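Residue 455 is where the sequence shown starts when you use my numbering, and the numbers rise one by one after that.
Using N, Cα and C, we set each Cβ at its ideal position, and we do this for glycine too.
Since the structure is predicted, the reported quantities are computational estimates derived from the model, not experimental observations.
What follows is one structure encoded as structure tokens, with my remarks underneath.
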Amino acid sequence: MDGRCTCGKVRFRMTAAPLFVHGCHCTWCQRETGAAFATNAMIEAELVTIQGDEPEVIDTPSASGKGQKIARCPVCRVAVWSNYAGSGDAVRFVRVGTLAEPGRLPPDIHIFTSTKLPWVVLPPDKPAVPEFYKIREHWPAESLARWDAMRARRQA
455 MDGRCTCGKV
465 RFRMTAAPLF
475 VHGCHCTWCQ
485 RETGAAFATN
495 AMIEAELVTI
505 QGDEPEVIDT
515 PSASGKGQKI
525 ARCPVCRVAV
535 WSNYAGSGDA
545 VRFVRVGTLA
555 EPGRLPPDIH
565 IFTSTKLPWV
575 VLPPDKPAVP
585 EFYKIREHWP
595 AESLARWDAM
605 RARRQA
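Here it is, written out as structure tokens:
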């Protein structure tokens, strides 16, 4: 799947399917995106290739207090992905709206629904949790195997 910022200077390709897709309803995502929730596709960083200019990485605060790194186009300033402290630089949380076909990646789970806006209606066939969740309870086996392999590579 290909993605890009609005002006097209930063272009990238996800060379595999994402591990999992979050619909995040936390107030931080609402504020940072200006939307009701953020849709992020989690994927190993090595499976995202830069096709255009490098994004500018900006350190920003986060609800956890550990911060996050947001990769933005240096020209149009659109965020294309984030890296969070929990998975470091190894996993990119790609903004699904920056993909050429965002409709192909609906959320696999809705998280932080305790702060969901009251007029957002969640699909009844997708899991929804008030805060975060345990990945081993929700991710498919193939994603868990990729996650475990990535963590093993990081520790080696």
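What's the C-alpha gap between residue 506 and residue 478?
-> Between the alpha carbons of residue 506 and residue 478 lies a distance of about 28 Å.
Is the distance from the Cβ of residue 550 to the Cβ of residue 493 below 8 Å?
-> Yes.
With DSSP collapsed to three states, give me the class of residue 536.
-> In the structure shown, residue 536 sits in a strand (DSSP, three-state: E or B).
Could you pull out every residue in the same chain whose Cβ sits closer than 7 Å to the Cβ of residue 459, ignoring the five residues on either side in sequence?
-> Cβ neighbours of residue 459 within its own chain (closer than 7 Å, five residues either side excluded): 527, 530, 532, 534, 552.
Output the distance between the C-alpha atoms of residue 588 and residue 565, rounded to the nearest integer angstrom.
-> Residue 588 and residue 565: Cα-Cα distance of roughly 11 Å.
Does the beta-carbon of residue 601 have 16 or more other beta-carbons within 10 angstroms, so that it is buried, or is it exposed?
-> Under this definition residue 601 is a buried residue.
Measure the beta-carbon distance from residue 573 to residue 474 and round it to whole angstroms, keeping in mind my assumption that it falls under 8 Å.
-> Rounded, the Cβ-Cβ distance is 26 Å, inconsistent with contact.
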